[in-house]
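Here is the structure we will look at, set down as structure tokens.
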Amino acid sequence: MTAQPSPPAAKTGARFRLGAYSTYMLLIPGLVLSVIFLVLPLAIMVVVSFYTTAPSSTGYLAIFTIQNYVDFFTSPQTGTLVLNTFSLAFIAAIIAFIFGFPLAYFLTFHIKSAALKNYVITLLIVPFLIDWSIRTVAWIGILGKAGIINSTLMSLGLIKGPLEALLFSRNTLYIIWLQTYVVFMEFPIYLAMNRIDPDLINAAKVLKAPPRHVLYDVVFKLSLPGIMAGFIFVFVSTLGDFITPNLWAGGVQTLGFSISRYSNNFLWPYASVLSTMLLIIALIILVIAFKVVNVKKLFYE
Amino acid sequence: MKVLEAKNLTKWYGKEVLALNKVSFDVDEGDFFVLIGPSGCGKSTLLKLIAGLLDYEGGELYLKGEEVKTIPPHKRDISMMLETYALFPHMSVHDNIAFGLRMLGKDRSEIDKQVQESLKLVGMEGFGKRSPLELSGGQRQRVALARAIVVNPSVLLLDEPLSHVDYRLQRKLMEELKLLHQRLGTTFILTTHVQEHGLSLAETLMVMNTGVIEQIGKPETVYRRPTTVFAARFVGDINLFSGEVLEKRNGRYSVKTELGELQASADEGEDYSGRKLAYGVRPEAVVVGKDALKCENHLQAKPANTYYFGNSVECMFEVRDGIALKANIAPEAVALPTGGGGVTLGWHAGDAILIEKPSVIEGLNIEEVIYGK
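Heads up: the protein sequence lines correspond to chains A and B, in order.
The first sequence lines up with residues 150 to 450 when you count with my numbering.
The second sequence lines up with residues 3 to 375 when you count with my numbering.
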């Protein structure tokens with residue numbers, strides 16, 4: 150009478166193994182896609198960067214050389230290019246944070262009604278329903294010579310002629326990037342903040358923390374996973390954006406734009422060198438960023 | 003000396019919910035003050051109000067003689083242990099406890115020293131480097147307690163500190179809280195919805211009921227002399243009957259109840275003659291068997307049900323159709339007749355409790371409150 154009951158018959162070993170296989174099989178489509186469209190092109194790019202440029206200056210010869218990299222590291226232009234590209238992207242990410250963090254904070258802690266919350270979130274998404282080019286060109290109406298800002302300032306008599314620098318400068322670029330990418334910063338922070346237990350804020354308050362410490366020691370630090378995610382989204386997106394800087398930043402030279410120019414002229418090996426270096430530097434920065442902000446601590450749950 | 007004074011405190015949630023309705027009370031310095039009441043009675047709200055986490059709409063609140071309405075939580079000489087413990091997940095146990103000291107601007111060596119001391123105080127030495135996420139419920143609670151104590155407040159607020167741990171741990175922590183209170187001499191204000199915790203921890207007990215105070219007093223007083231039916235019911239178990247006082251003679255009342263005429267001791271100077279009130283007797287005061295005949299009140303009843311608790315037995319009796327009476331007796335005393343036989347129950351007039359009011363809430367009918375809705 151004391152024999153152990155037998156386990157339920159339905160869960161046989163065979164079925165269980167099949168289940169394990171089918172779980173892995175779910176990975177296959179994604180794996181195939183990323184090999185064909187990510188790993189392979191990147192490998193080709195790196196290989197081409199070691200090819201020799203054809204004498205005709207169009208196309209390449211499959212002869213191994215490191216001359217392209219020597220050119221890259223010795224070119225007087227390289228420093229400016231790299232600095233421009235990364236400083237623009239970095240500053241854009243910082244600006245997105247400066248605007249995105251308070252926005253996320255407001256959305257999380259100050260808007261109590263769920264309906265209003267959804268309304269604000271929808272407003273933030275609406276610009277993405279409009280095409281990129283239209284969204285960008287629309288800035289002419291605001292920042293252009295006859296745009297809202299210039300005409301307002303002129304009619305108020307504050308300036309005599311229209312301000313040229315409003316439209317074609319780095320500032321313009323930052324404004325446009327902010328408008329485009331602030332949501333990519335704001336949403337991850339919003340999601341991270343939503344997970345903060347309000348009692349942690351209460352605990353900080355009763356433990357003598359003045360408002361600025363509540364904000365920094367609790368809200369900011371617990372939003373760090375979101376901030377990091379947002380930072381990477383904005384940084385990587387602006388790093389790869391070569392059209393906007395070229396159109397709006399008054400001829401700022403960036404790696405992205407150089408890559409497009411070299412490849413337009415069929416100088417594939419040098420374009421590949423620039424692309425490879427852009428990728429490597431970006432990866433190094435991200436690795437350092439993840440090291441500085443202890444990632445293991447961030448994703449504690 | 004009074005460390006905390008509340009006068010007519012009123013708190014609304016929106017326009018619908020009146021969480022606190024003109025609550026007034028004092029807390030003496032060094033007291034162990036326990037707020038007890040069912041969930042939703044406003045005790046947590048009151049605690050958050052004292053801490054400054056919530057604002058109040060009406061009345062005054064004085065901490066050491068100073069009105070605190072405009073003082074933000076971090077500037078009040080108060081610390082609080084929250085119901086959820088709310089340990090910072092991104093900080094080690096050490097940093098959690100050090101947080102308050104850091105905010106007070108203490109220097110590092112001083113902070114380290116005090117953190118070590120408070121870890122020792124709650125029996126958590128050597129846990130400083132751990133993450134709160136690696137700790138068990140009881141350990142988290144100790145850390146939360148250490149974190150609240152270390153800032154050395156005049157008043158320590160403890161919101162339901164015993165509600166999230168198992169029974170054995172509750173007992174242990176109750177003992178420790180009591181010892182800690184004796185050792186520190188700080189004023190403790192604690193909330194609980196469990197009557198045993200309230201009765202055994204409190205030096206002063208405050209019974210709350212949906213935004214009002216039913217009774218404040220020493221636990222013995224509240225238990226033996228409840229002033230309202232609600233307080234009598236919430237603190238301890240009680241048999242209650244609606245009654246009318248017929249007369250007072252020789253220091254005793256005769257009260258007409260559905261069980262017949264019952265006796266109750268009268269205090270000097272009071273006279274309830276002719277009043278409608280509640281007649282109560284605690285289950286442990288009810289005597290079963292022959293000895294019952296020696297009591298001033300005795301009657302015949304049929305045993306209905308027994309519940310065995312190890313150290314005592316709770317017996318339900320049916321006195322008459324539908325009228326039940328509960329008695330708590332020692333296990334060895336139980337020799338209840340089976341097969342429909344009767345038994346004698348009794349209690350002394352001195353054990354009877356007369357309660358004038360159903361609740362401090364006005365306009366309630368005492369009979370309706372006694373016999374339920």
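Glycine included, each C-beta is placed from N, C-alpha and C at the ideal position.
Would you mind sorting residue i into buried or exposed? The rule is 16 or more other CB atoms within 10 Å of its CB.
i       : result
N413(A) : exposed
R164(A) : Residue placement at R164(A) is flagged as unreliable, the pLDDT there being 49, under the threshold of 50; a coordinate-derived value is accordingly withheld.
E162(B) : buried
M342(A) : buried
W281(A) : exposed
Q197(B) : buried
P225(A) : exposed
E450(A) : Confidence in E450(A) is poor, its pLDDT being 46 and thus under 50, which makes the residue's placement too unreliable to answer from.
I461(A) : The requested residue 461(A) does not occur in the structure, where chain A is confined to residues 150 to 450.
N299(B) : buried
L6(B)   : buried
S372(A) : buried
R284(B) : buried
K4(B)   : exposed
Q143(B) : buried
M83(B)  : buried
H183(B) : buried
N267(A) : exposed
V436(A) : exposed
Q217(B) : buried
Residue i lies in the beta strand (DSSP E); which residues open and close that run?
i       : result
G245(B) : N241 to R251
R284(A) : From DSSP, R284(A) is part of no beta strand (DSSP E) but of the alpha helix (DSSP H) over W281 to L292.
Y15(B)  : K4 to Y15
T229(A) : Here T229(A) belongs to no beta strand (DSSP E); instead the alpha helix (DSSP H) covers P225 to Y254.
R322(B) : V315 to R322
M210(B) : T206 to N211
S256(B) : R254 to T259
Y365(A) : Unbroken run through Y365(A): none, as it is neither H nor E.
List, in chain order, every chain A residue whose beta-carbon is nearer than 9 Å to that of residue i.
i       : result
F90(B)  : L349, A352, A353, D366, V367, K370 and L371
S81(B)  : V355, L356 and K357
H76(B)  : A353, K354, V355, L356, K357, A358, P359, P360, H362 and V363
R149(B) : A352 and L356
Under 8 Å Cβ-Cβ, which residues of chain A neighbour residue i?
i       : result
L106(B) : K357
F101(B) : A353, L356, A358 and D366
L55(B)  : N351, K354 and V355
Among the options, which one has its Cα closest to the Cα of residue i?
i       : options                               : result
H199(B) : M3(B), F129(B), E178(B) and L135(B)   : E178(B)
G208(A) : L182(A), A420(A), M426(A) and P374(A) : A420(A)
Q402(A) : L423(A), L416(A) and V385(A)          : L423(A)
M105(B) : I437(A), V441(A), I376(A) and P359(A) : P359(A)
C297(B) : V289(B), A303(B) and K304(B)          : V289(B)
A329(B) : I113(B), T308(B) and G276(B)          : T308(B)
Y281(B) : R235(B), L158(B) and N313(B)          : R235(B)
G389(A) : G405(A), T202(A) and I376(A)          : G405(A)
N23(B)  : L171(B), V362(B) and I218(B)          : V362(B)
L237(A) : L432(A), P190(A) and S318(A)          : S318(A)
G16(B)  : F34(B), D57(B), K4(B) and A8(B)       : D57(B)
E136(B) : S165(B), K108(B) and F90(B)           : F90(B)
T285(A) : I433(A), M426(A), Y173(A) and T393(A) : T393(A)
A146(B) : I325(B), N252(B) and V117(B)          : V117(B)
G291(B) : A268(B), R277(B) and C317(B)          : C317(B)
S386(A) : F239(A), T202(A) and I350(A)          : F239(A)
R254(B) : L186(B), I357(B), A351(B) and A8(B)   : A351(B)
A438(A) : S407(A), P418(A), V181(A) and M377(A) : M377(A)
Under the assumption that residue i contacts residue j (Cβ atoms under 8 Å), give the Cβ distance between them as a whole number of angstroms.
i       : j       : result
P74(B)  : G54(B)  : 6 Å
F382(A) : V331(A) : Rounded, the Cβ-Cβ distance is 11 Å, inconsistent with contact.
L356(A) : G102(B) : 4 Å
V247(B) : V257(B) : 5 Å
K13(B)  : A21(B)  : 5 Å
When every heavy atom of the ligand COA is checked, does at least one fall within less than 6 Å of the C-beta of residue i?
i       : result
S372(A) : With respect to small molecules bound, the structure shown includes none, and the ligand COA cannot be examined in it.
For the alpha helix (DSSP H) that residue i lies in, which residues bound it at each end?
i       : result
R173(B) : Y169 to L186
T47(B)  : K45 to A53
T403(A) : Neither: T403(A) is in no alpha helix (DSSP H) and is coded neither H nor E.
L347(B) : Segment V345 to W349 is the beta strand (DSSP E) holding L347(B); no alpha helix (DSSP H) there.
I434(A) : W417 to V441
Just to make sure I have the definition right: I need the residues of chain B whose C-beta is within less than 8 Å of the C-beta of residue i. Which are they?
i       : result
H259(A) : Within chain B, no residue comes near H259(A); the closest Cβ sits about 16 Å away, beyond 8 Å.
For residue i, which residues in chain D fall below 8 Å Cβ to Cβ?
i       : result
D346(A) : Looking for chain D here will not work: the only protein chains present are A and B.
Run through chain A and tell me which residues come within less than 7 Å of residue i, C-beta to C-beta.
i       : result
R227(B) : In chain order: nothing, as chain A lies at least about 36 Å away.
V153(B) : L356 and K357
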